[in-house]
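Participant: Before anything else, here's the structure in question.
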Amino acid sequence: MIWVGLLLGGAAAGLAGMGEVAGPMGQLTDKVASGYGFAAIIVAFVGRLNAFGILLASLLMALLYIGGEQAQQYLNLPN
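Residue numbers (this note's numbering): -9 to 69.
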């Protein structure tokens, strides 16, 4: 049962990644966000490889990413 869950989760993540990369235009663009794989490694270590800890660490990381982007737009800082 665990393997089935892992396989289904991996398949769903692959389909979501394909949709993110292909986008609405149906082609690969240079605007795809990069570096999230390294952020995932940081989240795993901050969460101490514990499922609940990873959940909290991922929410913290998302808050930092989105908060940084919002602050950049609010202060009219260049990209």
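For glycine and all other residues, C-beta sits at the position ideal for the given N, C-alpha and C.
#1: Identify, in the order they occur along the chain, each residue of the same chain with its Cβ nearer than 7 Å to the Cβ of E59, setting aside the five sequence neighbours on each side.
#2: Could you check what DSSP says for L(-3) in three-state terms: helix, strand or coil?
#3: Starting from M(-9), trace the alpha helix (DSSP H) both ways and give me its first and last residue.
#4: Helix, strand or coil: how does DSSP classify L5 here?
#5: Relative to the alpha-carbon of I44, which residue among N69, Q62 and A29 has its alpha-carbon at the smallest distance?
Facilitator: From the atom records:
#1: none
#2: L(-3) falls in the helix class under three-state DSSP.
#3: Segment: none, M(-9) is in no alpha helix (DSSP H) and carries neither H nor E.
#4: Looking at L5 - three-state DSSP - the assignment turns out to be helix.
#5: A29
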